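In what follows, a structure is listed as structure tokens, so that the remarks can point back to it.
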Amino acid sequence: MPAAMDESDVTRDPRDRLIIFDTTLRDGEQSPGAALNVNEKLEIAHAPEEMEVDALDAGFPISSPGDFRSVQRISREIRDCVVCGLTRANRKDIDVAAEAIRDAARPRIHTGLGVSDVHIRHKLRTTREGALERGVDAVRYSRRFVDDVQYYTEDAGRAEPEYLYQVLEAVIKAGATVVNIPDTTGYSTPAEFGALIRGIKENVPNIDKAVIAVHCHDDLGMATANTLAAILSGARQAEVTINGIGERAGNSSMEEVVMAIKTRQDVFGLHSNINTRHFYPISRLVSNLTGIPVQPNKAIVGANAFAHSSGIHQDGVLKERTTYEIINPRDVGVPDSEIILSARSGRAGLRHRLADLGYILAGDQFEKVYERFLTVADKKKTVDTRDLEAIVADEAQMFFQETYHLEQIQITCGNFSIPTATVRIRGPDGQLHCDADHGTGPVDALYRAINRVIGEPNELIEFSIQAVTEGIDAVGRVTIRIQASEPVKENGVERRVFSGHGADNDIITAAARAYMFALNRLIAARREAVQ
Ligand code: KIV
Ligand code: ZN
């Protein structure tokens, strides 16, 4: 019996289990600016495996050599989840995906194509019959490589139901084991989407031979509601992403769907295998690596999700937590912010607290974090959980192989002076380069000085700064996005936007770290693309 199972799992009806399919690395990575390199994808892939996600949408192997390599490495390293490679409904895509997932313990090909008339006519430029034939051939061909084939009926939310039933019956007959019903454009309402799934159950004669999956987008803010409505109608696989990231407005969020069925067991009567205590750390990991911040009021994992600010609410929670909290923050891994450390806590104290927060760092990584911790503790006297998380996230990104390392910055600014920055940067050749420039403000001057050394033309398209904790001595966290002037081309796909973040008591230093990280990522992507 796998370690994660207990007696109750054995006696539970498998139809009462919701299968969680994590598409953070595929649809999530399609969020503008979320481009991840192979190592970052692997780091994210291990987290869902640990929290017992059932299936991972590892990527779209034909889309770029980088995607192919990351799907291949995920297939080799992740042993406890189904690993899925996405394809369009054509044999070339399927050949490449089959090769990428060849070494997976539980490989799955995820193929499919559009079913709405707008997709069939304008995107596929074919007929309903032609599209159906292509879909059936893709499933049959995929079955030559794997036993597990998932078929997506793109834009099912806007398709004519009778045609959708016909497609589903045909692809199941051809060997599809999972049929994915996406609301690709986020157009459906919960009542409509629930009815669509009911209609499928009632009108597709062989539907009992496949699992019904749903994949909802959030264009009208209804992705999670649509997913839950579909589950109530009989869908048993939810396609979700951490923090709800994804194409355009994103996808249904894993933490929301899982916590809804867990908290409202009375309504859904289902369980998932997910260890929900991983939600908070994985949310921060995904946010740090993709550079997409978590909005403070985000359900389950937002900074304010368990903050009670009104006096009446605080009084209620102090008397009895459940007066205003329907979820225990510990159940989703929100760290206890009352535990604080100081410079006197020493290595052992820091190591212990980091382990409590789920960070087990290797020797040199720990030493780097310890040095940063001492600097912050010197300036701030006490360091709480939020500071620690910012430090670890900041240092963790630098474990990534930097091409250029920022050694020193010096800034002059003031209301009657010309903002000027001097930087010292160690280049790939190990040589130190020193340069200076001026700008409209200290950050502009700093970024210009860095540009003079590195020479990778780009435009700063987003810059945000947030205090990690309260008070004048708070650690500041800077998140930026830069757009490469020269796109990074991989198999015809252009990548331009790269993000970075940095944290420090000194916001100019935080801004410098953020910029260096984004630039190093851009340079690494360019190197990977030409390999
Ligand atoms: O939104 C969508 O339809 C998709 C499919 C590829 C599943 O992402
Ligand atoms: Zn999608």
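Residue 1068 in my numbering sits at position 420 of the sequence shown; the count goes up by one each step and never skips.
The beta-carbon is built from N, C-alpha and C at its ideal position, and this holds for glycine as well.
Predicted, not measured: the structure shown is a model, and the values here were computed from it.
Along the chain, which unbroken stretches of the beta strand (DSSP E) at least 3 residues long are found entirely within the stretch 743-802?
Listed in chain order, the complete beta strand (DSSP E) runs (minimum 3 residues) inside the stretch 743-802 are 755-762 and 797-802.
Is P830 near ligand 2, going by C-beta to nearest heavy atom under 7 Å?
P830: yes, Cβ under 7 Å from ligand 2.
Closest to P929 by CA distance: which of I909, S718, N891 and I1073 is it?
The shortest Cα separation from P929 among I909, S718, N891 and I1073 belongs to N891.
Measuring alpha carbon to alpha carbon, tell me which residue in M1164, N923, A1069 and G894 is nearest S679.
Closest option to S679, Cα to Cα, is G894.
Indicate whether I855 and I845 have their beta-carbon atoms separated by less than 8 Å.
No, these two residues do not count as a Cβ contact at 8 Å.
Classify N1089: buried if its beta carbon has 16 or more other beta carbons within 10 angstroms, exposed otherwise.
Correcting the residue type first, residue 1089 is Gly in the shown sequence and not Asn. With fewer than 16 Cβ atoms within 10 Å of its Cβ, G1089 is classed as exposed.
Apply the 10 Å Cβ neighbour rule to G997 and answer buried if 16 or more other Cβ atoms are within range, or exposed otherwise.
Exposed.
Could you give the distance in angstroms between the alpha-carbon of E1015 and the alpha-carbon of A839?
The straight-line gap from Cα to Cα measures roughly 54 Å.
Does the contact criterion of 3 or more C-beta pairs under 8 Å hold for the stretch 1112-1127 versus the stretch 1147-1159?
Because the criterion of three Cβ pairs below 8 Å is met, the stretch 1112-1127 and the stretch 1147-1159 touch.
Who are the Cβ neighbours of A652 in its own chain at under 8 Å, not counting the five residues just before and after it?
No answer about A652 holds up, because its pLDDT of 39 lies below 50 and its placement is not dependable.
From what residue to what residue does the beta strand (DSSP E) around T938 run?
First-last for T938: F927 to T938, but that is the alpha helix (DSSP H), not the beta strand (DSSP E).
Spell out the partners DSSP gives D741 in its beta bridges.
DSSP lists no partner for D741.
So L1009 and I692 are in contact, right, with Cβ under 8 Å, and what is the actual spacing, rounded?
Not a contact, Cβ separation roughly 18 Å.
Using 8 Å as the threshold, is the C-beta distance between A1159 and V1091 below it?
A contact, by the Cβ cut-off of 8 Å.
Rounding to the nearest angstrom, what Cα-Cα distance links L761 and S711 in this structure?
Using only the alpha carbons, I get a separation of about 16 Å.
Within 10 angstroms of its Cβ, does D654 collect 16 or more other Cβ (buried), or is it exposed?
Confidence at D654 is low in this model, with a pLDDT of 44, below 50, so the placement of that residue should be treated as unreliable; the coordinate-derived value is given next. The residue is exposed, with fewer than 16 neighbouring Cβ atoms inside 10 Å.
With DSSP as the reference, identify every bridge partner of P830, one or two as the case may be.
DSSP output for P830 lists H863 as bridge partner(s).
Going by DSSP, what residue range makes up the alpha helix (DSSP H) through F708?
Element bounds for F708: n/a, residue is neither H nor E.
Who does G1124 pair with in a DSSP beta bridge?
Beta-bridge pairing links G1124 to A1115 and D1152.
Count the C-beta pairs between the stretch 795-803 and the stretch 813-832 that are closer than 8 Å, then say yes if the count reaches three, no if not.
Yes: the two stretches touch, three or more of their Cβ pairs being nearer than 8 Å.
For P1076, which residues of its own chain have a beta-carbon under 6 Å away from its beta-carbon, when the five flanking residues on both sides are left out?
Cβ neighbours of P1076 beyond the five flanking positions: T1051.
Look up D654 in the DSSP assignment and say whether it is helix, strand or coil.
Interpretation of D654 is limited by its pLDDT of 44, a score under 50 that renders its predicted location unreliable; the figure taken from the coordinates is listed afterwards. Looking at D654 - three-state DSSP - the assignment turns out to be coil, as it is neither helix nor strand.
Between D741 and E808, is the Cβ-Cβ spacing less than 8 Å?
Against a cut-off of 8 Å, the Cβ pair of E808 and D741 comes out as no contact.
How far does the beta strand (DSSP E) with G882 in it reach, from first residue to last?
No beta strand (DSSP E) contains G882, which DSSP labels as neither H nor E.
What do you reckon, is the C-beta of Y800 under 7 Å from a heavy atom of ligand 1?
For ligand 1, at least one heavy atom lies less than 7 Å from the Cβ of Y800.
Would you decide whether G733 is buried or exposed? Buried here means 16 or more other CB atoms lie within 10 Å of its CB.
By the neighbour-count rule (16 or more Cβ atoms within 10 Å), G733 is buried.
Using CA coordinates, which residue listed in Y1018, E810, V965 and L780 is at the minimum distance from A991?
It is Y1018 whose Cα lies nearest to the Cα of A991.
For A779, which option in R884, P755, N1106 and Q814 has the closest C-alpha, if you only look at C-alpha atoms?
With distances taken between Cα atoms, A779 lies closest to Q814.
State the beta-bridge partners of T970 as determined by DSSP.
Per DSSP, none; premise fails for T970.
In whole angstroms, what separates the C-alpha of I627 from that of A745?
One cannot answer for residue 627 here, as it falls past the ends of the chain, which runs 649 to 1179.
Tell me whether the beta-carbon of R739 lies closer than 8 Å to the beta-carbon of Y789.
Yes, the Cβ-Cβ distance between R739 and Y789 is below 8 Å.
In terms of alpha-carbon separation, which member of A748, D795, P1135 and L1094 lies closest to A822?
Comparing Cα-Cα distances from A822 to each of A748, D795, P1135 and L1094, the minimum goes to D795.
Among H694, L1170, Y835 and T735, which residue has its Cα nearest to the Cα of R724?
Residue H694 is the option with its Cα nearest to R724.
Taking 7 Å as the cut-off, does the CB of G894 come closer than this to any heavy atom belonging to ligand 2?
Yes, ligand 2 has a heavy atom inside 7 Å of this Cβ.
Does S656 pass the burial test, meaning 16 or more other C-beta atoms within 10 Å, or should it be called exposed?
Here the model assigns S656 a pLDDT of 45, short of 50, so the residue's position is not dependable and the matter cannot be decided.
Quick one: give me the first and last residue of the beta strand (DSSP E) that H1000 is part of.
Here H1000 belongs to no beta strand (DSSP E); instead the alpha helix (DSSP H) covers G994 to D1004.
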